[in-house]
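Protein sequence lines correspond, in order, to chains A and B. In terms of my numbering, the first sequence is residues 1 to 322. In terms of my numbering, the second sequence is residues 323 to 559. Just so it is clear, CB atoms sit at the ideal spot from N, CA and C, and this is done for glycine as well.
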Amino acid sequence: MLLAASVIAKVPGIDSGFFRLAFFLKLVSNGLVNGAVYALMALTVVIIYRTTSHLNFAQGEMATFGAFIVFALAIQQGIPYVFAIIIAMVISMVAGAGFERFLVRPVEKRSALGVVIVTLGLFLTLNAFTAAIWGTESVDVLKPFPGGLGDKFTFMDGPPQFFVTYKAVGIWITLAVLVIALWWLLQHTKLGLAYRAVASNRESSLAVGIPVGRMLMLGWAISAGIGTLAAVLISEQSNNLDFNLMGVVLLYGFAAAALGGFDSIVGAVVGGMIVGLVEALVPQLFTFIGSELSLAMALAIIVIVLLVRPQGIFGTKRIERV
Amino acid sequence: MSLLDVKGLTASYGPVPVLHGLDLTVDEGEVVVLLGANGAGKTTTLRALCQMGLVNIGGSVSFDGQRLVGRRPEQVVRLGIAHVPQGRGTFGELTVEENLQIGAYVRSDSEVRADIERAYQIFPRLGERSAQHAGSLSGGEQQMLAVARALMSRPRLLLLDEPSLGLAPLVIKDLFERFAELNHSLGTTMLIVEQNANVALAIAGRAYVLETGQIVLEGPAEQLRHNDAVRRAYLGF
Chain A
1 MLLAASVIAK
11 VPGIDSGFFR
21 LAFFLKLVSN
31 GLVNGAVYAL
41 MALTVVIIYR
51 TTSHLNFAQG
61 EMATFGAFIV
71 FALAIQQGIP
81 YVFAIIIAMV
91 ISMVAGAGFE
101 RFLVRPVEKR
111 SALGVVIVTL
121 GLFLTLNAFT
131 AAIWGTESVD
141 VLKPFPGGLG
151 DKFTFMDGPP
161 QFFVTYKAVG
171 IWITLAVLVI
181 ALWWLLQHTK
191 LGLAYRAVAS
201 NRESSLAVGI
211 PVGRMLMLGW
221 AISAGIGTLA
231 AVLISEQSNN
241 LDFNLMGVVL
251 LYGFAAAALG
261 GFDSIVGAVV
271 GGMIVGLVEA
281 LVPQLFTFIG
291 SELSLAMALA
301 IIVIVLLVRP
311 QGIFGTKRIE
321 RV
Chain B
323 MSLLDVKGLT
333 ASYGPVPVLH
343 GLDLTVDEGE
353 VVVLLGANGA
363 GKTTTLRALC
373 QMGLVNIGGS
383 VSFDGQRLVG
393 RRPEQVVRLG
403 IAHVPQGRGT
413 FGELTVEENL
423 QIGAYVRSDS
433 EVRADIERAY
443 QIFPRLGERS
453 AQHAGSLSGG
463 EQQMLAVARA
473 LMSRPRLLLL
483 DEPSLGLAPL
493 VIKDLFERFA
503 ELNHSLGTTM
513 LIVEQNANVA
523 LAIAGRAYVL
533 ETGQIVLEGP
543 AEQLRHNDAV
553 RRAYLGF
């Protein structure tokens, strides 16, 4: 392994600094932090897609709006972050359910493409609405986790140092708690079983008496809530809070969902981590690939995976026995 | 008064009318068969009774004195009608056990577990495969699962849509024997839509023949078995 590394390191165009352990670990942990946030966005995509087979293009803007609510409550009103985030998530969930019921469902009956247009319209509207209320400049940064220079666990003394910030650990714990809560909800409650039944067969769900419409609203609600949480984390991670906060992040989220399989929760998490790692590692290893191209790299890898496994890594291939 | 009383039922998919004023009744404890060729409107009839995904339903349907037309499908299930759709409609991504649990969705009593155990007694194959995904079962097993799942809502009326479709003759025979058994032991009333008239008439009390959206013939099953038109059209001799 070391020999291989030292040989590769001599190849022109490859950065030999890449193989210093502390530097490498730093890149990996950065990748996994971004990956965790992409995983959250991928989850929002997957949760809606499983029951409705729709991609919600307004997902990112809904989340941005939620983050601004947290801004208004926590920074402008001084409410503690925990409560501000919970209130914003609840508002997002109600709005998400409302969007499904009053915007998506009436259109869905007529055409599936209509839903694409509706979510695109919602994307543009919310984007403009956010800008109209809070302006187009970055307003502040949401900091739910301690983010000072000393707020970190140091594992290797430098130079270069290897440390993990409290912020990073906080993001991972948030993702872990959320995934466990989702898993429990889906696998161990009657509500979750009904949600999975609707995802599996909508017609039969009606036949056993599940109020299918309410399950679709539930999917949108959970998805909107997670989106708002993700946007708060992204604000802290990227030191920014403006009306375009989620633009590129949602693309990474879609990429992660496609990679993991659009109907798989585990796939969304693994897909998010892979996209985060690729984005962090590849431009550093191959210095001729600028970091501006990291999104293109991530997409290229996704194309390759999907050529081999169209349903994604963990997605289910729809097979029907007749 | 009949358990199910249908008068002048009409249904259309968009502008295309499928049922033209259909009358039928099913009494408590009866097994009634609805015969008809492809396209006669058998499936549409059952879907109209459950208020499932049709654009226009007209006429009157009453179940135990309650009007059904205009209700939502989940309300129909709560009133005590269970529907086993054509092509079984099991939840392929859920396990056998989860399929049975979801069948009891409208119930909130504490006997669901006991009913699942009883379903495994009636259909031992399902018990052996309780942890398997429904999508991996054979056609016959899926049909049994679909029926067992429908029974989980403790229905007073079970609607079965072409349960014999795509099954081997021996499996069909076994399945219909179980239907007869369920009717005897639980007293479950059944309305069965079938093209396989022979096996269906054998367990039924009465039968209707549906042609292009209208009832053209009705009577005791035994009598229809010996009716020349029925024999030619549905019994193959």
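Terminal residues of the beta strand (DSSP E) in which residue i lies
i              : result
N378 (chain B) : N378 to F385
R528 (chain B) : R528 to E533
P310 (chain A) : Premise fails: P310 (chain A) is in no beta strand (DSSP E) and is neither H nor E.
A325 (chain A) : Only positions 1 to 322 of chain A appear in this structure, which leaves residue 325 (chain A) out of reach.
C-beta neighbour in chain B for residue i, strict 8 angstroms
i              : result
F314 (chain A) : no
I210 (chain A) : yes
S328 (chain A) : The first residue shown for chain A is 1 and the last is 322, placing residue 328 (chain A) beyond what the model contains.
A97 (chain A)  : no
A207 (chain A) : yes
P310 (chain A) : no
R321 (chain A) : Low local confidence applies: a pLDDT of 43 at R321 (chain A) is under 50, so the model's placement there is unreliable, with the coordinate-based value given in what follows. Interface residue, yes.
Residues sharing a beta bridge with residue i, DSSP
i              : result
I514 (chain B) : B:V355 and B:L482
V455 (chain B) : For the record, residue 455 (chain B) in the displayed sequence is His; it is not Val. H455 (chain B) is bridged to B:T417.
L341 (chain B) : B:A333
K152 (chain A) : A:T165
F445 (chain B) : Paired residue(s): none; F445 (chain B) is not in a bridge.
E540 (chain B) : B:Y530
I403 (chain B) : B:L479
Q388 (chain B) : B:F385
L346 (chain B) : B:V328
CB contact below 8 angstroms: residue i versus chain A
i              : result
M374 (chain B) : yes
E420 (chain B) : yes
I424 (chain B) : yes
L390 (chain B) : no
R451 (chain B) : no
V538 (chain B) : no
Y427 (chain B) : yes
R553 (chain B) : no
Y440 (chain B) : According to the sequence provided, residue 440 (chain B) is Arg. The question's Tyr does not apply to it. So no, R440 (chain B) is outside the interface.
G471 (chain B) : Contrary to the premise, residue 471 (chain B) reads as Arg rather than Gly in this sequence. With 8 angstroms as the cut-off, R471 (chain B) counts as an interface residue toward chain A.
Enclosing alpha helix (DSSP H) for residue i [first to last residue]
i              : result
R500 (chain B) : P491 to L508
L332 (chain A) : The structure shown does not extend to residue 332 (chain A), since chain A is modelled only from 1 through 322, so no value can be given for it.
R50 (chain A)  : L21 to T52
F65 (chain A)  : Q59 to V70
Y252 (chain A) : G247 to G260
G461 (chain B) : G461 to L473
F83 (chain A)  : Y81 to F99
L371 (chain B) : K364 to L371
V107 (chain A) : R105 to E108
V521 (chain B) : A519 to I525
I117 (chain A) : A112 to W134
R410 (chain B) : Unbroken run through R410 (chain B): none, as it is neither H nor E.
R394 (chain B) : It is not in any alpha helix (DSSP H) - R394 (chain B) carries neither H nor E in the DSSP assignment.
Cutoff 8 angstroms: residue i Cβ touching any chain E Cβ
i              : result
D263 (chain A) : Note that chain E does not occur in the displayed structure, where the protein chains are A and B.
(message) Assess contact between the region 382–392 of chain B and the region 497–508 of chain B, defined as three or more Cβ pairs (one per stretch) separated by less than 8 angstroms. Is contact present?
(response) no
(message) To be precise: take each residue of the region 473–500 of chain B, compare its Cβ to all Cβ atoms of chain A, and keep it if any distance is under 7 angstroms. Which residues remain?
(response) S475 and G488
(message) Within 8 angstroms, do at least three Cβ pairs link the region 64–81 of chain A to the region 293–301 of chain A?
(response) no
(request) Could you list the residues in the region 187–200 of chain A with a C-beta less than 8 angstroms from some C-beta on chain B, going in chain order? (result) K190, L193, A194, R196, A197, A199 and S200
(request) Mind the definition here: the region 401–411 of chain B touches the region 475–493 of chain B only if three or more C-beta pairs lie below 8 angstroms; say whether that holds. (result) Cβ pair count under 8 angstroms is three or more, so yes.
(request) Would you be able to state if there are at least three C-beta pairs under 8 angstroms between the region 216–231 of chain A and the region 111–130 of chain A? (result) At 8 angstroms Cβ cutoff, the stretches do not touch.
(message) Please list, in chain order, the residues of the region 394–420 of chain B that have any C-beta partner in chain A closer than 9 angstroms.
(response) R394, P395, E396, Q397, V398, V399, R400, A404, H405, V406, P407, G409, R410, G411, T412, F413, G414, E415, L416 and E420
(request) Mind the definition here: the region 349–363 of chain B touches the region 538–558 of chain B only if three or more C-beta pairs lie below 8 angstroms; say whether that holds. (result) yes
(request) Tell me, please, whether the region 297–314 of chain A touches the region 342–355 of chain B by the rule of three or more beta-carbon pairs shorter than 8 angstroms. (result) no
(request) State whether the region 192–209 of chain A contacts the region 57–74 of chain A, with contact taken as three or more CB pairs (one from each stretch) at a distance under 8 angstroms. (result) Judged by Cβ distances under 8 angstroms, the region 192–209 of chain A makes no contact with the region 57–74 of chain A, as fewer than three pairs qualify.
(message) Count Cβ pairs between the region 249–259 of chain A and the region 138–148 of chain A that sit closer than 8 angstroms; are there 3 or more?
(response) no
(message) If contact is defined by three or more beta carbon pairs under 8 angstroms, each pair taking one atom from either stretch, is the region 266–273 of chain A in contact with the region 34–45 of chain A?
(response) yes
(request) Check whether the region 327–336 of chain B touches the region 365–372 of chain B, counting contact only when three or more Cβ pairs, one atom from each stretch, lie closer than 8 angstroms. (result) yes
(request) Could you say if the region 272–289 of chain A and the region 26–35 of chain A meet the contact criterion of at least three C-beta pairs nearer than 8 angstroms? (result) yes
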